[in-house]
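Student:
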Amino acid sequence: MITLFPCLSDNYGFLLHDPITGLTAAIDTPDADEILRQCESLGYTLTHVFNTHHHFDHVDGNAMLKENHGVTIIGPEADKARIPNIDICVSGGEVFTFGSFDIHVLHTPGHTKGHCAYYIPALRSVFVGDTVFALGCGRMFEGTAEQMFASIGKIAALPDETQIYCAHEYTLANGAFAISVDQNNVDLGIYLENAKKLRAQNMPTVPTTVLKEKRANPFMRAASASEFARLRSAKDNF
Ligand code: ZN
Ligand code: FE
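Count along the sequence shown from 1, add 335, and you get the number used in the numbering used here.
1. In the DSSP assignment, find the alpha helix (DSSP H) that holds Phe349 and state where it starts and stops.
2. Report the residue from Val463, Phe436, Gly434 whose alpha carbon sits nearest the alpha carbon of Asp363.
3. Please go through the same chain and pick out, in chain order, the residues whose beta-carbon is closer than 7 Å to the beta-carbon of Val541, but skip the five residues on each side of it.
4. Considering only residues of the same chain and omitting the five flanking positions on each side of Val430, which have a CB-CB separation below 8 Å?
5. Suppose contacts are defined by Cβ-Cβ distances below 8 Å. Is Ser426 in contact with Pro411 by that definition?
6. What are the boundary residues of the beta strand (DSSP E) that includes Val463?
7. Return the chain-ordered list of same chain residues with a C-beta closer than 7 Å to the C-beta of Pro444, the five sequence neighbours on each side being excluded.
8. Can you grab the Cα-Cα spacing for the pair Ile418 / Asn519, in whole Å?
9. Based on Cα-Cα distance, which residue from Ala367, Thr506, Thr382, Asn420 lies nearest to Pro354?
10. May I ask you to verify whether the segment 516–533 touches the segment 487–499, counting CB pairs closer than 8 Å and requiring at least 3?
11. For Tyr379, which residues does DSSP report across the bridge?
12. Any heavy atom of the ligand ZN closer than 7 Å to the CB of His393?
13. Alpha carbons only, please: which of Asp517, Ile490, Ala535, Gly488 is nearest the one belonging to Leu507?
14. Assign Gly471 to one of three DSSP states: helix, strand, or coil.
15. Taking 7 Å as the cut-off, does the CB of Asp465 come closer than this to any heavy atom belonging to the ligand ZN?
16. Does the beta-carbon of Ser460 have 16 or more other beta-carbons within 10 angstroms, so that it is buried, or is it exposed?
17. My guess is that Ala416 and Val384 are in contact by the Cβ rule of under 8 Å, so how many angstroms apart are they, rounded?
18. What three-state label does DSSP hand Gly510 in the structure shown?
19. Would you list the residues sitting across from Asp437 in a DSSP beta bridge?
20. Any heavy atom of the ligand FE closer than 7 Å to the Cβ of His503?
21. Please report the Cβ distance between Glu548 and Met555, rounded to the nearest whole angstrom; I am assuming they are in contact, meaning their Cβ atoms lie under 8 Å.
22. Comparing alpha-carbon positions, which option in Ala560, Arg567, Val545 lies nearest Tyr584?
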């Protein structure tokens, strides 16, 4: 079971709970207090953290959750020096067991060197951190356009119905750019109208799906790394 909750200014926190074994993981730790509040209200005991990358808004709660709750922290090898209290390093390609779920680790560099996504086939869900956003993608802080394009391609290659849990609510800002470069895309127009309605009611636009992004997200629709690079720099200056 997956629980999504807003925290900080525009982050999402997520809990992954296995009702059979009682294990509960937080995907990233933007706000330890809010994570613990959510666990308490659901009757969960937090046991694990899966970090996607080392940025502050994704690891800030690690130390507190380790010290006060003894959680096991899993995160990317190449970001490990910058991930507080990391216990187990992953670098992509691993499949590990979490209660009754198999978790597939995908290396998705570009935003950071080590960035990883966590794909759970049994739940048709992937936690992508800051790799892909609804109608957008992460900034390339530590990687090349080729790397980021390949990372987005790994998400695009998952089954169409896969739910994409991205770590920020950026959809309307992303949509304004997307429509400016793809004005005649009917699917994008419908997507954006729906997102505006959700946000007007303060509802999340996350999760999205692989199919929705393949139809509407200009970064996922880019045909080559060079087209992707051109879009990414246009967005940076939008
Ligand atoms: Zn980030
Ligand atoms: Fe972030």
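The beta carbon of each residue, even a glycine, is placed where N, CA and C say it ideally should be. Given the structure is predicted, the values throughout are model-derived calculations rather than measurements.
Tutor: Per the coordinate set shown:
1. Translated into positions along the sequence shown, residue 349 becomes position 14. The continuous stretches of alpha helix (DSSP H) do not include Phe349, which lies in the beta strand (DSSP E) extending over residues 346–352.
2. Looking up residue 363 in the sequence shown gives position 28. Comparing Cα positions, the closest option is Val463.
3. Within the sequence shown, residue 541 is the residue found at index 206, counting from 1. Exclusion of the five residues before and after Val541 leaves Leu339, Tyr347, Ala469, Tyr500, Cys501, Glu504 as the residues of its chain whose Cβ lies within less than 7 Å of its Cβ.
4. Numbered from its first residue, the sequence shown carries residue 430 at position 95. Around Val430, the same chain offers Asp437, Ile438, His439, Val440 as residues with beta carbons nearer than 8 Å, after the five sequence neighbours per side are excluded.
5. Here the question's residue 426 lines up with position 91 in the sequence shown. Here the question's residue 411 lines up with position 76 in the sequence shown. Their beta carbons are under 8 Å apart, which means Ser426 touches Pro411 by this criterion.
6. Taking the first residue of the sequence shown as position 1, residue 463 is located at position 128. Its beta strand (DSSP E) spans residues 460–464.
7. Residue mapping note: residue 444 aligns to position 109 of the sequence shown, counting from 1. Exclusion of the five residues before and after Pro444 leaves His450, Gly478, Gln482, Ser486 as the residues of its chain whose Cβ lies within less than 7 Å of its Cβ.
8. If you number the sequence shown from 1, residue 418 lands on position 83. If you number the sequence shown from 1, residue 519 lands on position 184. Whole-angstrom Cα-Cα distance: 43 Å.
9. As a position in the sequence shown, residue 354 is number 19, starting the count at 1. Ranking the options by Cα distance to Pro354, first place goes to Thr382.
10. Cβ pair count under 8 Å is below three, so no.
11. Translated into positions along the sequence shown, residue 379 becomes position 44. Under DSSP, Tyr379 shares a beta bridge with no residue.
12. What you label residue 393 is simply residue 58 of the sequence shown in a count that begins at 1. Under cutoff, so the answer is yes.
13. Your numbering for residue 507 matches position 172 in the sequence shown. The option with the nearest alpha carbon to Leu507 is Ala535.
14. Walking along the sequence shown from the start, residue 471 turns up at place 136. For Gly471, the secondary structure class from DSSP, reduced to helix, strand or coil, is strand.
15. Your numbering for residue 465 matches position 130 in the sequence shown. Yes, the Cβ of Asp465 comes within 7 Å of a heavy atom of the ligand ZN.
16. Position 125 of the sequence shown, counted from the start, is the residue given in the question as residue 460. With 16 or more other Cβ atoms within 10 Å, it is buried.
17. Position 81 of the sequence shown, counted from the first residue, corresponds to residue 416. Position 49 of the sequence shown, counted from the first residue, corresponds to residue 384. In fact, because the Cβ distance is near 17 Å, the residues do not count as touching under 8 Å.
18. As a first step, residue 510 is located in the sequence shown; it is residue number 175 there, counting from the start. Correct three-state label for Gly510: helix.
19. In the sequence shown, counting from the first residue as 1, residue 437 sits at position 102. DSSP, once it has assigned bridges, lists Thr432 as partnering Asp437.
20. One-based indexing of the sequence shown puts residue 503 at position 168. It does: the Cβ of His503 is within 7 Å (strictly closer) of some heavy atom of the ligand FE.
21. Here residue 548 is taken as the residue at index 213 of the sequence shown, counted from 1. Here residue 555 is taken as the residue at index 220 of the sequence shown, counted from 1. Yes, they are in contact, since the Cβ atoms of Glu548 and Met555 sit about 5 Å apart, within 8 Å.
22. Only positions 336 to 573 of the chain appear in the structure, and residue 584 is not among them; the question remains open.
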